[in-house]
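Accompanying notes for the structure given below.
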Ligand code: MSP
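Residue numbers (the numbering used here): 3 to 516.
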């Protein structure tokens with residue numbers, strides 16, 4: 003069976019989760035569910051990045067030990083994922099012993115092979131970015147850009163990972179396979195960064211400066227640089243520590259655009275190569291959420307709390323909104339009013355109402371059981387073709403990572419269902435016994451389109467889709483598609499529906515507005 007190893011970036015455990023974190027995890031969870039629906043075997047990994055300077059500083063500010071601090075933060079992340087139905091197969095925290103053990107094994111191996119060597123480093127160091135800066139980054143007036151925060155001059159004994167020897171190989175990799183980066187235009191950004199000679203990567207920090215990290219196995223005075231530690235989460239999480247390296251599948255890494263160059267696009271493939279592992283299958287690079295076109299940042303008060311939004315509008319409405327609104331790979335502007343409008347319109351009014359109307363009419367006219375439809379008439383044939391066509395387009399677009407457009411196509415099937423009910427007017431058909439066949443056809447077709455749509459959209463709105471499927475008298479669980487998908491459902495006739503209830507009930511303030 004085709005396997006997929008899907009990962010998210012591991013979030014820094016130095017503050018509460020925000021909209022950017024939530025989007026990425028919802029996105030990856032959706033891709034994982036979708037791949038399972040396609041019949042693929044999926045391993046979905048997520049986690050927290052718990053070492054490094056930022057965490058050490060935040061812990062000190064909070065008056066806690068770093069471990070105590072990240073334990074506290076991890077509760078908020080895990081709570082958010084539970085609420086948003088983000089359900090990875092494994093959630094790795096880099097302070098876990100399985101990870102520390104793996105990082106030390108890797109360090110020892112690369113040191114023994116001569117891929118890690120000792121050296122001296124002198125330069126200007128940004129505390130905030132946890133990196134040494136180059137002269138190129140200096141501004142014309144001699145100062146450093148504000149984003150780097152405090153910059154200090156340092157000379158240190160350190161260990162270096164030999165990046166330079168992989169440069170030609172790496173350039174060729176991206177020149178020949180730009181499609182391993184999505185969106186493909188971003189491959190050019192990496193190639194641009196590869197135009198200058200690659201310096202070797204400093205992968206250690208003296209304990210005197212940074213205590214909160216994984217100790218080097220060959221030098222007790224040094225700890226591992228946080229990015230070198232963090233990237234290796236993908237190896238620990240693949241199960242290497244449990245003797246499962248044979249199952250290693252090159253991963254699809256979902257990351258934000260800020261961590262592509264240099265970490266994932268340059269360091270990571272070189273690390274994999276040095277370890278004798280194949281390069282990732284893809285870097286899926288998403289854009290940034292902004293608000294009123296500005297960066298989300300605590301200092302400007304421009305934060306969006308995904309937990310509050312999920313509580314107010316429901317986790318599925320939040321999931322639907324972020325995936326429908328953002329073109330994967332590009333930036334998008336967050337607007338609460340637009341979330342509310344999509345919930346009320348596309349989710350409640352279009353999808354929810356289709357089930358509510360058709361379901362209650364089946365209760366009224368067909369004793370709560372899906373009716374036996376006659377041979378489809380011309381209206382039904384055309385309707386089915388529209389729905390199956392929309393499903394096919396949804397699938398093509400999902401495969402092309404165009405989730406926002408894919409959802410638009412899927413909604414065409416929902417809209418076709420509502421239009422079909424409007425134009426066939428079952429409440430009129432029910433008045434004339436001669437039209438009983440048409441009545442049955444209308445309601446059976448409505449149930450069928452709902453079944454098809456809910457099974458697909460479960461990857462985006464799992465809780466509601468599962469509830470909807472139960473109302474259709476099906477088990478809530480979604481199975482992999484049949485070989486001949488998409489096919490019009492058969493054998494529905496006679497199936498009793500569950501209790502019909504609104505999938506997206508009115509919110510409190512919508513009730514009061516009437
Ligand atoms: N710890 C590193 C990642 C290590 S992966 C081996 C890190 N953490 S982070 O918490 O700063 O960011 C986690 C993810 O959230 C990254 O993929 C980042 O791009 C993403 N986002 C952070 N802010 C974002 C937005 N405003 N919008 C969308 N995603 C953003 O980087």
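Each residue gets a CB set at the ideal place from its N, CA and C atoms; glycine is no exception.
Problem set entry | Neighbourhood of residue 423 by C-beta, 8 Å cutoff - its chain only, sequence neighbours within 5 removed | Translated into positions along the chain shown, residue 423 becomes position 421. Only 356, 359, 360, 444 and 448 meet the Cβ criterion.
Problem set entry | Endpoints, the beta strand (DSSP E) within which residue 288 is located | Taking the chain shown and counting its residues from 1, one reaches residue 288 at position 286. Counting along the chain, the beta strand (DSSP E) containing residue 288 begins and ends at 284 to 288.
Exercise. Under the three-state reduction of DSSP, which class applies to residue 7: helix, strand or coil?
Worked result: Along the chain shown, read from residue 1 onward, the residue named residue 7 stands at position 5. Strand, per DSSP.
Exercise. Using a threshold of 7 Å, is the CB atom of residue 258 nearer than that to any non-hydrogen atom of ligand 1?
Worked result: Translated into positions along the chain shown, residue 258 becomes position 256. Yes, the beta carbon of residue 258 sits closer than 7 Å to at least one heavy atom of ligand 1.
For this session: With DSSP as the reference, label residue 272 as helix, strand or coil.
Result: For the purposes of this step, residue 272 is identified with residue 270 of the chain shown, where counting begins at 1. Three-state result, residue 272: helix.
Exercise. When you compare only the Cα positions, how much space is there between residue 209 and residue 140?
Worked result: Reading the chain shown from its first residue, position 207 is the one you call residue 209. Reading the chain shown from its first residue, position 138 is the one you call residue 140. So the alpha carbons of these two residues sit roughly 28 Å apart.
Exercise. From residue 220 to residue 214, what does the alpha carbon distance come to, in whole angstroms?
Worked result: Translated into the one-based positions of the chain shown, residue 220 becomes position 218. Translated into the one-based positions of the chain shown, residue 214 becomes position 212. Distance between the alpha carbons of residue 220 and residue 214: 17 Å.
Exercise. Residue 416 to residue 38, Cα distance in whole Å?
Worked result: One-based indexing of the chain shown puts residue 416 at position 414. One-based indexing of the chain shown puts residue 38 at position 36. Spanning the two alpha carbons is a distance of roughly 23 Å.
Problem set entry | Bridge partner(s) assigned by DSSP for residue 208 | For this step, residue 208 is matched to residue 206 along the chain shown. Answer is 224, bridged to residue 208.
Exercise. Would you call the segment 134 to 151 and the segment 291 to 300 touching, i.e. three or more CB-CB distances under 8 Å?
Worked result: no
Problem set entry | Beta-carbon contacts of residue 232 that lie in its chain and below 7 Å, excluding the five residues immediately before and after | Taking the chain shown and counting its residues from 1, one reaches residue 232 at position 230. Correct list, in chain order: 12, 51 and 96.
For this session: With a cut-off of 8 Å on the beta carbons, I'd call residue 253 and residue 7 a contact; round off their distance for me.
Result: By one-based count along the chain shown, residue 253 stands at place 251. By one-based count along the chain shown, residue 7 stands at place 5. 4 Å between Cβ atoms; contact.
Exercise. What are the partner residues of residue 394, as DSSP defines its beta bridges?
Worked result: Walking along the chain shown from the start, residue 394 turns up at place 392. Answer is none; residue 394 lacks a bridge partner.
Problem set entry | CA-to-CA distance, residue 207 to residue 280, given in whole angstroms | Locating residue 280 in the chain shown gives position 278, where the first residue counts as 1. Locating residue 207 in the chain shown gives position 205, where the first residue counts as 1. Approximately 28 Å between the Cα atoms of the pair.
Exercise. Cβ of residue 261 within 7 Å of any heavy atom in ligand 1?
Worked result: Counting from one through the chain shown, the residue named residue 261 turns up at place 259. Within the cutoff, so yes.
For this session: For residue 321, count neighbouring C-beta atoms within 10 Å of its own C-beta (all shown protein chains included) and say buried if the count is 16 or more, exposed if not.
Result: In the chain shown, the residue the question calls residue 321 occupies position 319. Label assigned to residue 321: buried.
For this session: Look at the Cβ atom of residue 468, then the Cβ atom of residue 460, and state whether they are nearer than 8 Å.
Result: Start at 1 with the first residue of the chain shown, and residue 468 comes out as number 466. Start at 1 with the first residue of the chain shown, and residue 460 comes out as number 458. Yes. Within cutoff.
Problem set entry | 8 Å contact criterion, which residue 162 and residue 203 should meet: CB distance rounded | Working through the chain shown from its first residue, we reach residue 162 at position 160. Working through the chain shown from its first residue, we reach residue 203 at position 201. So it is a contact: roughly 6 Å between Cβ atoms.
Exercise. In chain order, which beta strand (DSSP E) runs of at least 3 residues are fully inside the segment 459 to 493?
Worked result: none
For this session: Report the option in 122, 288 and 46 whose CA atom is closest to the CA atom of residue 406.
Result: If you number the chain shown from 1, residue 406 lands on position 404. Out of 122, 288 and 46, 288 has the C-alpha closest to the C-alpha of residue 406.
For this session: Decide yes or no for the touch test of the segment 334 to 341 against the segment 486 to 499: beta carbon pairs closer than 8 Å, at least 3 of them.
Result: no
Problem set entry | Cutoff 6 Å; reference residue 386; Cβ partners in own chain excluding five residues on either side | Here residue 386 corresponds to residue number 384 of the chain shown, with the count starting at 1. Once the five neighbours on either side are set aside, the close Cβ partners of residue 386 are 490.
Exercise. Beta carbon of residue 290: closer than 7 Å to some heavy atom of ligand 1?
Worked result: Within the chain shown, numbered from 1, the residue matching residue 290 stands at position 288. Because some heavy atom of ligand 1 lies under 7 Å away, the Cβ of residue 290 counts as near it: yes.
Exercise. Should the segment 98 to 106 be called in touch with the segment 256 to 269, which here means at least 3 C-beta pairs below 8 Å?
Worked result: no
For this session: Find the nearest neighbour of residue 540 within the set 226, 67 and 130, judged by alpha-carbon distance.
Result: Shown here, the chain extends from 3 to 516; a query on residue 540 therefore has no answer.
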